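In the numbering used here, the protein residues as written are 1117 to 1304. I have placed the structure first, in the form of structure tokens, so that the comments after it can refer back to it.
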């Protein structure tokens, strides 16, 4: 008896992480090469993920879900600014560079085809929700917590993109300066 579609997709995602590690398959590997490594037919990947970009989006969504669990586990009572530092430290680690590169690639594709990347776009804000919860725990109003989390996530992602585009700049110092500005209650 065949398992439901969602179960097959989940098993394939597990197999992808088991085979390729926490970042999933690299950007230059084809669907056929991925299928060969998993010992499945490439049409199975196409059935569950649609395309190479769909596969990347699913892998990245699962990787971000796992990342968010790790980040959230740093302490349920962690404040907004320490959480921003934790997020920066986590994603600025060179071990995550391929994932950061894939994230920005997929964001670019999603801008042009939001319907094709619905799942990916839907969970992009999970990190902002973690930050919003921390800001509310620090006593900020719901509206201010939402705005602060959006600003923080946007700036941190922008700094990560800048690091990819121009790695010789002092991105870590700029990130610390930005995060420190959050401690004063002002991002201006």
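Every residue, glycine too, gets a C-beta built ideally from N, C-alpha and C. Values in this document were obtained by computation on a predicted structure and should not be read as measured data.
Handout entry: For residue 1288, the first and last residue of its enclosing alpha helix (DSSP H)
Key = 1287-1299
Exercise for the section: Have a look at 1195, 1220, 1161 and 1229 and flag the residue whose alpha-carbon is nearest the alpha-carbon of residue 1261. Expected result: 1195
Handout entry: Close beta carbons around residue 1296, own chain, < 6 Å, minus the five adjacent residues each side
Key = none
Handout entry: For residue 1156, the nearest candidate out of 1124, 1172 and 1142 (CA to CA)
Key = 1124
Exercise for the section: Reducing DSSP to helix, strand and coil, say where residue 1170 ends up. Expected result: helix
Practice task
Report yes if the CB atom of residue 1243 is closer than 8 Å to the CB atom of residue 1178, and no otherwise.
Solution key: no
Exercise for the section: Give the straight-line distance between the Cα atoms of residue 1283 and residue 1212, rounded to the nearest whole angstrom. Expected result: 14 Å
Practice task
Since I believe residue 1226 is in contact with residue 1236 (beta carbons under 8 Å), could you give me their beta-carbon distance rounded to a whole number of angstroms?
Solution key: 6 Å
Problem - CB contact flag (residue 1148, residue 1158, <8 Å) - result: yes
Exercise for the section: Could you check the C-alpha separation between residue 1270 and residue 1180 for me, to the nearest Å? Expected result: 16 Å
Practice task
Note down, in chain order, each residue of its chain lying with its Cβ closer than 8 Å to the Cβ of residue 1285, except the 5 sequence neighbours on either side.
Solution key: 1278 and 1279
Handout entry: Residue nearest to residue 1272 in terms of C-alpha spacing, selected from 1139, 1153, 1173 and 1202
Key = 1202
Handout entry: residue 1197 classed as buried or exposed, judged by whether at least 16 other C-beta atoms fall within 10 angstroms
Key = buried
Handout entry: Enclosing alpha helix (DSSP H) for residue 1082 [first to last residue]
Key = In the structure displayed, the chain extends from 1117 to 1304; residue 1082 sits before or after that span and is not available.
Handout entry: Beta-carbon spacing of residue 1187, residue 1246 below 8 Å
Key = yes
Handout entry: Per-residue DSSP class, three states only, for residue 1164
Key = helix
Practice task
Determine the DSSP secondary structure at residue 1274, reduced to helix, strand or coil.
Solution key: helix
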